[in-house]
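Per the working numbering, residue 7 is the first one in the sequence shown, and the count goes up by one each step. Just so you know, even glycine gets a beta-carbon here, dropped at the ideal spot from N, CA and C. Everything below concerns the one structure shown next.
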Amino acid sequence: MKGKLLFPPYLTMDAKDLIRRLLRRQVNLRLGSGPNDAELIKTHCFFKQINWADVLARKLEPPFKPCLAGEDDVSQFDTKFTRQTPIDSPDESTLSESANLVFQVRISIHTIVCIFLFKASMFQEVSYWNK
7 MKGKLLFPPY
17 LTMDAKDLIR
27 RLLRRQVNLR
37 LGSGPNDAEL
47 IKTHCFFKQI
57 NWADVLARKL
67 EPPFKPCLAG
77 EDDVSQFDTK
87 FTRQTPIDSP
97 DESTLSESAN
107 LVFQVRISIH
117 TIVCIFLFKA
127 SMFQEVSYWN
137 K
């Protein structure tokens, strides 16, 4: 896990900070990995205008609703990935207790990503999706 994070110029400082904290190499230092769970993510300044009660109640309208043919529709994914042959590689090892904490986050990463994309779309002059 080496490499430098490069960000597109349209990302705000808050967005960059959030991504850096979520991608820390040491799991125990990642935002949301401690005993307060996703609360640290939810209180990050990037999400300062988000009403989390509305998120949990599903009152927010998503900025982009893809038209899907079914639940296995992958048309929104790059064909670079969908053309690859799936590899079944089950992991026989057991996770440590600290690694298992990663899977006990109370708010789904999907929700966080949707909110991130929603907020990012509000700050962009050119839509990422239309490139």
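Leaving out five residues before and five after residue i in sequence, what residues of the same chain have Cβ atoms less than 8 Å from its Cβ?
| i | result |
| --- | --- |
| L29 | L11 and R36 |
| A63 | none |
| Q82 | P72 and L74 |
| H50 | D20, D23, L24, R27 and L37 |
CA-CA distance, residue i and residue j?
| i | j | result |
| --- | --- | --- |
| L46 | S102 | 22 Å |
| K65 | I121 | 12 Å |
| I25 | P68 | 21 Å |
| D43 | N34 | 11 Å |
| V119 | Q90 | 24 Å |
| G9 | I56 | 31 Å |
| K86 | D23 | 29 Å |
| R31 | G40 | 15 Å |
| E77 | S95 | 23 Å |
Considering residue i, what are the terminal residues of the alpha helix (DSSP H) in which it resides?
| i | result |
| --- | --- |
| A59 | W58 to L62 |
| L46 | E45 to K48 |
| L17 | No alpha helix (DSSP H) holds L17; DSSP gives it neither H nor E. |
| F83 | First-last for F83: undefined, no H or E at that position. |
Among residues of its own chain, excluding the 5 on either side of residue i, which ones have a beta-carbon nearer than 6 Å to its beta-carbon?
| i | result |
| --- | --- |
| W58 | K48 |
| F13 | K22 |
Residues in the same chain with beta-carbon distance under 7 Å from residue i, minus the five sequence neighbours each way, listed in chain order, please.
| i | result |
| --- | --- |
| T88 | V80 |
| Y134 | Residue placement at Y134 is poorly supported in this model, since its pLDDT is 44, which falls under 50; the coordinates are not used for a value here. |
| D60 | L66 |
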